[in-house]
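**Student:** Chains A and B are the protein sequences, given in the same order. In terms of my numbering, the first sequence is residues 1 to 407. In terms of my numbering, the second sequence is residues 1 to 407. Take this structure first; my questions come after.
Number of protein chains: 2
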Amino acid sequence: MTRDDALALDARDPLGAMRARFVLPAGVIYLDGNSLGCLPAHTPALIADAVTRQWGHDLIRSWNSADWIGAPQRIGAKIAPLIGAAAHEVIVADSVSVNLFKLLAAALALRPGRTTILTEPGNFPTDLYIADGLAATIPCVQVRTADLADIPAALGPDVAVLMLTHVHYKSAHRRDMAALTRAAHAAGALMLWDLSHSTGAVAVDLNGAGADLAVGCGYKYLNGGPGAPSFLFAAQLHHNALLSPLAGWMGHAAPFDFTDDYAPAPGMTRFLAGTPPMLSLLALEAGVDLFAGVDMRAAEAKSASLGALLIARLAEVAPDLVLASPRDPAQRGSHLVFQHAHAYEICQCLIERGVIGDFRAPDLWRAGLTPLTLSHADIWDAAEIVGAVMATRAWAAPRFAVRARVT
Amino acid sequence: MTRDDALALDARDPLGAMRARFVLPAGVIYLDGNSLGCLPAHTPALIADAVTRQWGHDLIRSWNSADWIGAPQRIGAKIAPLIGAAAHEVIVADSVSVNLFKLLAAALALRPGRTTILTEPGNFPTDLYIADGLAATIPCVQVRTADLADIPAALGPDVAVLMLTHVHYKSAHRRDMAALTRAAHAAGALMLWDLSHSTGAVAVDLNGAGADLAVGCGYKYLNGGPGAPSFLFAAQLHHNALLSPLAGWMGHAAPFDFTDDYAPAPGMTRFLAGTPPMLSLLALEAGVDLFAGVDMRAAEAKSASLGALLIARLAEVAPDLVLASPRDPAQRGSHLVFQHAHAYEICQCLIERGVIGDFRAPDLWRAGLTPLTLSHADIWDAAEIVGAVMATRAWAAPRFAVRARVT
């Protein structure tokens with residue numbers, strides 16, 4: 001295989017035109033869109049308008065005139081087709097952490113007598129921490145972990161909700177959403193999926209799988225900007241029964257009546273808490289808008305193709321990097337991790353050479369393969385740079401061993 | 001008194017120069033800075049830089065290079081002097097609603113055996129709803145309300161925390177922070193203050209009053225932009241014992257170690273949950289930065305002077321509007337409400353004439369008197385327009401009776 005072969009793959013890439021809709025810094029091959037997605041080209045003008053005209057000139061009137069008030073539902077409806085949900089089953093609010101808390105508490109209340117949250121060790125830390133925080137807040141609630149293979153056996157009659165991440169943040173292993181949801185339901189439990197590393201990267205079909213609840217991230221593959229708000233999903237059959245513990249005024253049926261008594265809004269709106277951070281919300285909308293017309297099966301196929309190329313090339317030019325993600329694209333999400341005892345130093349050395357991936361403790365180099373912004377030629381070029389760094393041991397320079405606060 | 005007298009007051013206003021640091025739309029007298037503060041003149045360029053350079057060009061590296069990771073603590077430290085707190089006692093995170101939930105749950109855990117949240121009826125709705133939502137989540141916890149005069153008697157041995165709003169969102173009545181905090185402590189309860197309508201408008205001295213906990217709003221007098229994140233305060237003596245129920249990864253002692261077990265970060269950092277919405281956070285910082293060097297006693301005096309002028313003028317030109325806020329400025333915050341059976345229509349009619357206040361059900365017209373952006377001449381001119389509207393009954397036109405979704 002040659003670079004021309006990579007260019008040929010790009011020439012017939014149905015998503016090839018998407019690249020031009022982003023700002024991609026010169027001299028950088030960005031393999032970290034799974035941590036912070038790139039800036040859409042139309043976002044700066046939209047945010048400038050939000051700041052200067054909507055806020056600065058129209059001020060409080062923009063809650064109506066710019067429909068700020070409808071943004072959480074409007075953006076949720078745009079995310080829905082990416083995850084196999086109906087438009088009214090998704091809303092944007094708060095962070096993934098806060099939304100996990102809301103949905104876990106709501107799930108426990110929906111399964112009275114069941115007091116266990118079941119999840120797996122090594123899940124993304126905030127999922128574990130939030131579950132533990134909820135268990136520390138409500139007497140009798142506990143968190144139990146079981147390795148993926150042991151989940152079916154661990155689904156006892158005490159389990160109220162099974163919480164799993166669809167695509168693992170380190171290994172990229174993609175869980176079988178339909179089978180695990182069936183297993184949860186067979187045991188009488190609800191199923192909550194964390195889609196943080198799935199949404200915008202691989203095809204997701206929540207309703208096809210019969211999932212009950214889900215959360216996802218706005219700042220990764222959805223390109224919503226740093227710390228963009230999160231989204232949450234609940235299947236319609238639960239809408240009347242589910243209640244948010246964070247019963248803030250924006251989730252009230254009539255927030256501007258200013259009554260003393262809480263009455264939950266219909267549908268997902270009850271999962272709003274306080275006033276949403278509009279600038280970050282509108283940047284998220286700009287990112288989500290780029291997915292209009294994108295077939296997520298095509299995005300997933302592109303991601304698989306980028307992954308196959310990176311795996312093949314690194315096996316040739318950097319054989320010391322050991323693939324620690326599933327080789328079968330059907331078993332993984334849209335990133336790859338490679339194990340090496342000096343992964344930290346390698347990651348820093350690559351960043352210095354414009355190949356921006358990230359390090360995940362203790363010994364993984366992670367490469368996000370965002371299907372909208374990367375080409376096969378990018379992957380080829382990145383692999384060449386990785387190969388050169390490994391061949392010359394450039395990563396062994398002492399400066400790369402100094403650990404920054406955030407990596 | 002004449003308009004020249006108002007101009008003379010402006011000529012010796014020590015905060016008169018602040019006005020030029022905001023974008024103030026032509027043809028508008030904005031009396032709603034207590035709902036959404038005005039746009040600081042330097043904010044658009046800062047946000048454009050955050051979007052284009054920090055996000056678009058530097059991408060993930062900005063968590064370090066632009067110190068995004070330190071923003072919650074950094075902005076908290078800038079808010080601290082406005083509320084009588086030490087720099088490390090304040091952090092910015094989430095919304096007022098979410099922060100109330102965190103602090104109420106933390107307060108209950110700090111007073112084992114006590115199961116009551118005490119507050120007053122007619123408090124800002126989200127305060128009541130969040131307390132109710134927490135009580136619905138934790139068995140045995142209940143919310144009790146008592147009118148302000150009955151609070152001392154209601155502070156029984158079951159009360160874990162007394163939650164009050166410093167300046168009432170409707171009446172503008174300012175509570176005696178020191179006396180009520182003493183009463184809470186005398187009963188063994190913790191004191192939580194909602195500073196949403198105080199911060200940036202009147203002098204606040206949390207540590208002088210011995211307050212335990214507080215939350216406040218970023219998008220009102222702090223001019224942080226629509227839905228700007230909130231801040232929370234805890235007195236240092238509680239820092240080691242207080243735990244957030246929303247134990248998200250950004251509040252972990254070492255979030256990038258990605259361990260399965262939660263270990264709370266030292267100090268206020270443990271009250272972070274998920275990744276903060278950076279664009280909204282940086283806009284808040286721009287708003288807060290305008291307060292550097294502002295003496296809050298001067299701001300409070302200016303607010304009192306604006307209020308005295310509006311009360312005096314409306315008594316002359318619009319006597320049908322009945323003052324429903326305390327006449328004594330020491331007893332109120334930085335807004336005024338006036339009662340009228342047709343307050344809704346009057347509010348809409350005034351907005352059409354460029355005097356933007358707001359309506360609060362059932363019959364109040366509310367005028368926010370932000371000390372940094374308004375002049376005495378503005379107040380004079382606004383009163384003239386109100387007087388004309390009342391004299392001509394312009395508000396009686398049928399179109400003003402149609403209620404918008406948000407008012």
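Note that CB positions come from ideal geometry on N, CA and C, so glycine has one too. It should be emphasised that the depicted structure is a prediction, and the values quoted were computed from it without experimental measurement.
(1) How far does the alpha helix (DSSP H) with B:F208 in it reach, from first residue to last?
(2) Could you tell me which whole alpha helix (DSSP H) segments of length 4 or greater appear in the stretch 16-85 of chain B?
(3) How many angstroms separate the CA atom of A:V215 from the CA atom of A:P152?
(4) Look at B:N123 and B:T181 and say whether their C-beta atoms are less than 7 angstroms apart.
(5) Of all Cβ atoms in chain B, is any one closer than 7 angstroms to the Cβ of A:I238?
(6) My guess is that B:R34 and B:H238 are in contact by the Cβ rule of under 8 angstroms, so how many angstroms apart are they, rounded?
(7) What's the C-alpha gap between A:G224 and B:G210?
(8) Span of the beta strand (DSSP E) holding B:Q339?
(9) Apart from the five residues just before and just after A:I408, which ones in its own chain have a Cβ nearer than 7 angstroms to its Cβ?
(10) Tell me whether the beta-carbon of A:L190 lies closer than 7 angstroms to the beta-carbon of A:D212.
(11) Suppose the cutoff is 6 angstroms on Cβ atoms and the five residues either side in sequence are ignored; what does the same chain contact list for B:N99 look like?
(12) If we define contact as Cβ-Cβ less than 7 angstroms, is A:H335 a contact residue for chain B?
(13) Would you report the Cα separation of A:A401 and B:P266, rounded to the nearest angstrom?
(14) Does DSSP classify A:F258 as helix, strand or coil?
(15) If the cut is a Cβ gap below 7 angstroms, which residues of chain A does B:Y221 touch?
(16) What is the DSSP secondary structure of A:F101, counted as helix, strand or coil?
(17) Should A:W193 be flagged as near chain B, meaning a C-beta pair shorter than 7 angstroms?
(18) Can you tell me where the beta strand (DSSP E) with B:W365 in it begins and where it stops?
(19) Since B:R360 meets chain A, which of its residues come closer than 8 angstroms, beta carbon to beta carbon?
(20) Alpha carbon to alpha carbon, how far is A:K102 from B:A391? Give it in angstroms, no decimals.
(21) Mind checking if A:L190 is an interface residue toward chain B, Cβ cutoff 7 angstroms exclusive?
(22) Note down, in chain order, every chain D residue with its Cβ under 8 angstroms from the Cβ of B:S244.
(23) Could you give the residue range of the beta strand (DSSP E) that holds B:I117?
(24) Looking only at its chain, what residues have a beta carbon closer than 6 angstroms to the beta carbon of A:A396, apart from the 5 residues adjacent to it on each side?
(25) Just to confirm, are A:K220 and A:G37 a CB contact at a threshold of 7 angstroms?
(26) Using a Cβ-Cβ cut-off of less than 8 angstroms, give me the residues of the stretch 18-30 of chain A that come near chain B, in sequence order.
(27) Are A:A377 and B:Y129 touching if we call contact CB-CB under 7 angstroms?
(28) Within 7 angstroms (strictly less), CB to CB, does A:F233 reach chain B?
(29) Here's a check: name, in chain order, each residue in its chain whose Cβ is nearer than 6 angstroms to the Cβ of B:H88, leaving out the five neighbours to either side.
(30) Using a Cβ cut-off of 8 angstroms, pull out every chain A residue sitting near B:I138, in sequence order please.
(31) Leaving out the 5 sequence neighbours to the left and right, which residues in its chain are closer than 6 angstroms to B:A71 when beta-carbon positions are compared?
(32) Using a Cβ-Cβ cutoff of less than 7 angstroms, which residues in the same chain neighbour B:F258 once the five nearest sequence positions on both sides are dropped?
(33) Determine the chain B residues that contact A:L39 at a beta-carbon separation under 9 angstroms, and present them in chain order.
(34) List, from N- to C-terminal side, the alpha helix (DSSP H) runs of 4 residues or more that fit wholly inside the stretch 160-239 of chain B.
(35) How close, in whole Å, do the beta carbons of B:A160 and B:T116 come, if the pair is a contact with beta carbons under 8 angstroms?
(36) For the stretch 142-173 of chain A, enumerate the residues whose C-beta is nearer than 7 angstroms to any C-beta of chain B, in chain order.
**Tutor:** According to the data block:
(1) According to the sequence as given, residue 208 of chain B is Gly; it is not Phe. L206 to A209 is the span of the alpha helix (DSSP H), which, as asked, contains B:G208.
(2) 43-49, 62-65 and 71-79
(3) 22 angstroms
(4) no
(5) Inspection of the sequence shows that residue 238 of chain A is occupied by His rather than by Ile. No, its Cβ sits nowhere closer than 7 angstroms to a Cβ of chain B.
(6) The sequence shown places Asn at residue 34 of chain B, not Arg. Contact flag wrong, Cβ pair sits at about 29 angstroms.
(7) 41 angstroms
(8) H335 to Q339
(9) As shown, chain A starts at 1 and ends at 407. That puts residue 408 of chain A outside it, with no answer to give.
(10) yes
(11) Excluding sequence neighbours, B:N99 sits near V215, S230 and L232.
(12) no
(13) 27 angstroms
(14) coil
(15) Per Cβ cutoff of 7 angstroms: no residues; B:Y221 is ~14 angstroms from chain A at best.
(16) A:F101 sits in a helix when the DSSP states are folded into three classes.
(17) A:W193 does not count as touching chain B.
(18) L364 to G368
(19) F258
(20) 51 angstroms
(21) no
(22) Protein chains in the displayed structure are A and B, and chain D is not among them.
(23) Start and end: T116 to T119.
(24) Excluding residues within five positions, none has a Cβ falling inside 6 angstroms.
(25) yes
(26) V23, P25, V28 and Y30
(27) No.
(28) no
(29) G267
(30) T137, I138 and P139
(31) L281
(32) none
(33) V51, T52, W55, G56, H57 and L59
(34) 177-186 and 206-209
(35) 6 angstroms
(36) none
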